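Worksheet: one structure, shown below.
There are 2 protein chains.
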Amino acid sequence: MPTGPNPADFAVVRATNLAVVLRHVHANAPCSRADIAAETGLNKATVSSLVADLIDRRLLRETGLTERRIGRPATMLVLDGEPYVALGIEVNTDYLALSAIDLGGARILSWRRSFDGLDSTAARAATAIAALARRAAARIDRQDRRIIGLTVGVPGLVTPAGVVANAPNLGWSDVDLAAALRSALGNPAYPVTVDNDANLGALAEYRYGAAAGHPDSAYLTGELGLGAGILIAGQLVRGARGAAGEIGHVEVVADGPLCACGRRGCLEAVAGTAAIVRRIDPDNTEEALRDLDPEVAEIARRAKAGDKVVVDALTEIGGLLGRGVAVLANVLNPSLIVLGGHYVPLAAWLLPSAQAELNRRVIAPDAGGCRLAVSELAHSAAASGGAASVLDAVDYAKLSV
Amino acid sequence: MPTGPNPADFAVVRATNLAVVLRHVHANAPCSRADIAAETGLNKATVSSLVADLIDRRLLRETGLTERRIGRPATMLVLDGEPYVALGIEVNTDYLALSAIDLGGARILSWRRSFDGLDSTAARAATAIAALARRAAARIDRQDRRIIGLTVGVPGLVTPAGVVANAPNLGWSDVDLAAALRSALGNPAYPVTVDNDANLGALAEYRYGAAAGHPDSAYLTGELGLGAGILIAGQLVRGARGAAGEIGHVEVVADGPLCACGRRGCLEAVAGTAAIVRRIDPDNTEEALRDLDPEVAEIARRAKAGDKVVVDALTEIGGLLGRGVAVLANVLNPSLIVLGGHYVPLAAWLLPSAQAELNRRVIAPDAGGCRLAVSELAHSAAASGGAASVLDAVDYAKLSV
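Read top to bottom, the protein sequences are chains A and B.
Residue 398 in my numbering sits at position 289 of the first sequence, with consecutive numbering throughout.
Residue 382 in my numbering sits at position 273 of the second sequence, with consecutive numbering throughout.
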């Protein structure tokens, strides 16, 4: 039965209002105290007191900016958030990447190290991911900052509950990676989640990279595997069971080469990184797939030197890539499709034929305005997207208790 | 400068609150006055007065339902809305369809008449659409009801501003159909908008048909043209320029038959209604395309009678349809794909091979849970979706003034 208010109620109201102010600044920064009052319905004295509290906790800070308006110029507020750090890690077949971004949006750490994902079990991968997370945590602790969450990107199907249902290139199926990581990290106070690498890459390119200003866009991973992350109206498309974005396994060449998935002629099998390496350096493929960076760098070097075999192969593969992305463009009409990962150093030779094929195959005039672009984040996209997804999920009410 | 409240302010506040109550009942019906008060923050006396007003205007009505809760049973409220009617019309190559649905969700009119869209100009089509709308309006007027909006579905690319950029099967490009209709209807007080037929069909199947409970789903029109309407989390996917859903022009057979769009091997060219008619009744195709109903009925009759040529052809075309919808399933992971229009009477022979091919081609286990289903609305889907889109856009604040 309801009773009169007691001090605990006031504490709850204050925590709620602190969260309201933080969320408002997160969405609308820079903004003034008066803006916050006008748009949240809180009165100005309350807003001033809440802002003072949030500045004390280094969740907000004042900037020198002022707004032109009638009367006195106002001091503008932005998120500070320096003490609060979001972690993202990507595990892939040939590397681990880590990204740490603070609540104010500043990038603190960006690491990448080689990792033999092709020969690792899920348990060994969890150990390696946890070791990397602990190294970052130690550094963040020394700076008197606090980790507020970790999201790990995986090249495979991840269920809404965060279980890796299937990651064919890693050889994993039905792996509860989030649980394994929580355990390996000693059940940390922050949330640990798992998502598809392409989804996280799409989010990162939209927030920090080539897809800024493109709420309808897609991102192709360009790792050993080939997946797409899809944004519609700025929201990730996950599908009914979290399996959206499998452009890598759309058939683009009937009875084409065998794909790792067991089908034939999949986009991944004809235009994925392994297909590029196999086509250009067929003698050395199996070793090359374990460590793609030097292999891709060598292909780019030869293309740059004008090696006709390499340039012709990349031009042809670009055309096949164009067939695949034309499917995305016909079905979803994005304004931008970003090529990521190992496509980045090869983009100069892949992109022109891919864009031409895209334009030919899309029924909407001018390919519906769809343009191909190169990732600005390369192999750090999924890890950055992991950190971004932590920042998106921040519970400001908890942070401000 | 702000001054004290005056009577006009109170009227604005009351209109706003009436709209808040209507929107709440629209989203949560059936609900009690106490529910409304608890969830809107309005006090109970205010809610009672607002509800009385809305019942007077026949926007709400009481039902006999009561809620089990502590204390007295509560009278439950639902939308009445009988006096307010939403109109949807579809124009296609061989028919016009009209659907009228009142604000309470009751279907009032469902008409379909043949129409020679292949030989009509956009101006003649606008005249025919307006004539149909006027006939409905006359009937609705006689019942003392009021039209609150008209949305027209068109088989083509429609820009966000409602201009038909391109409707290849109708031979239209850059047609401002909404403006033409407004003029032909004497600039009515209600809004007139235009949308893609597949989008409206997807919306209708989700609200009233086979896709109920499937917020991640797609709908294939199955008219002379073949388009998809796509829902993600219950929202229509339109794309950056409104050109999403062009599954009909994804290539499924390399160097396949010529498509109306000028490309080869498009899904529409190998598994659209015209392809089915051409395959089964090649001597009579051009006449048959003008009036598809009897042609499709004859094909269904022959299949039902066990005509092996027809059954084999439909089984093979079902497989090609499966290739096409596998693209949607790999990219979007819907839980349901609905086959509409002329596919409905042929579904018994198309569906099994289509589902089998879908299952083979989708990388997620069990095709990511994606099932093919038959439209429950057939050729009235887009018209019903037009009415649904009017109901979704109702400005309750205006309605309650």
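By construction, the Cβ of each residue, glycine as well, lies at the ideal position given by its N, Cα and C atoms.
Quantities reported herein were computed from a predicted structural model and do not represent experimental measurements.
Are the C-beta atoms of residue i and some chain A residue less than 8 Å apart?
i	result
B/PRO443	yes
B/ALA465	no
B/VAL284	no
B/VAL129	no
Hey, how far is the Cα of residue i from the Cα of residue j?
i	j	result
B/GLY336	B/ALA307	6 Å
A/ALA492	A/ARG221	10 Å
A/ASP402	A/HIS451	8 Å
B/ALA143	A/GLY495	43 Å
A/ARG316	A/GLY214	10 Å
A/LYS507	B/PRO269	40 Å
B/LEU290	B/HIS358	29 Å
A/LEU227	A/ASP250	33 Å
A/ASN278	B/LYS417	44 Å
A/ARG167	A/PRO391	56 Å
A/GLU396	A/ASP225	12 Å
B/ARG388	B/PRO454	17 Å
A/ALA247	A/ALA497	21 Å
B/ALA183	B/VAL436	50 Å
A/GLU199	A/VAL267	13 Å
B/CYS140	B/VAL134	7 Å
B/PRO114	A/PHE119	Interpretation of B/PRO114 is limited by its pLDDT of 47, a score under 50 that renders its predicted location unreliable; no figure is taken from the coordinates.
I want to verify the contact list: residues of chain A whose CB lies under 8 Å from the CB of residue i, in sequence order.
i	result
B/ASP325	GLY348, ALA349
Name the chain A residues that come within less than 7 Å of residue i, Cβ to Cβ?
i	result
B/ALA353	VAL440, LEU441, ASN442
B/ALA363	ALA363
Using 8 Å as the threshold, is the C-beta distance between residue i and residue j below it?
i	j	result
B/SER489	B/ALA237	no
B/VAL440	A/VAL440	yes
B/GLY354	B/ASP304	no
B/LEU430	B/ALA463	yes
A/ASP203	A/ASP400	yes
A/ALA438	A/CYS375	no
B/GLY258	B/ALA502	yes
B/LEU186	B/ALA138	yes
A/ARG255	A/PRO192	yes
A/GLU466	A/GLY415	no
A/SER444	B/ALA349	yes
A/ALA412	A/VAL447	no
A/VAL386	A/GLU404	yes
B/ALA80	B/ALA235	Any property of residue 80 of chain B remains undetermined from this structure, which presents chain B solely from 110 to 510.
A/GLU332	A/LEU486	no
B/PRO324	B/GLY343	yes
B/LEU367	B/GLY197	no
B/ILE426	B/LEU459	yes
Can you find a CB in chain B that lies within less than 8 Å of the CB of residue i?
i	result
A/LEU459	no
A/PRO366	no
A/LEU151	no
A/VAL436	yes
A/GLU199	no
A/GLY477	yes
A/ALA307	no
A/ALA215	no
A/PRO114	For A/PRO114, the predicted structure reports a pLDDT of 47, less than 50, and the residue's modelled location is therefore unreliable. A value from the coordinates is still provided. It does not: the Cβ of A/PRO114 has no partner Cβ on chain B nearer than 8 Å.
List the residues of chain B whose Cβ lies closer than 7 Å to the Cβ of residue i, in chain order.
i	result
A/LEU266	ALA473
A/ILE341	ILE341, VAL346
Tell me, please, which residues DSSP counts as bridged to residue i.
i	result
A/TYR315	According to DSSP, which records beta bridges pairwise, A/TYR315 is partnered with nothing at all.
A/GLU360	A/CYS375
A/ALA215	Answer is none; A/ALA215 lacks a bridge partner.
A/ASN305	A/VAL263
A/ILE256	A/VAL194
A/ASN275	A/LEU266, A/SER282
B/LEU340	B/SER326, B/LEU345
A/GLU171	A/LEU186
Listing by chain order, which chain B residues have their CB less than 8 Å from the CB of residue i?
i	result
A/ARG480	Near A/ARG480 there are no residues of chain B at all, since even the closest Cβ is about 10 Å away, more than 8 Å.
Name, please, each residue of chain B whose Cβ falls closer than 9 Å to the Cβ of residue i.
i	result
A/ARG470	HIS358, VAL359, GLU360, ARG372
For a contact meaning CB atoms closer than 9 Å, what does residue i contact in chain A?
i	result
B/ASN275	ILE472, ALA473, PRO474
Can residue i be considered in contact with the ligand ADP, in the sense that its beta carbon sits closer than 7 Å to one or more heavy atoms?
i	result
A/ALA380	This structure lacks the ligand ADP; in fact it carries no ligand of any kind.
For chain D, find out if any of its Cβ atoms is closer than 8 Å to the Cβ of residue i; answer yes or no.
i	result
B/VAL134	Protein chains in the displayed structure are A and B, and chain D is not among them.
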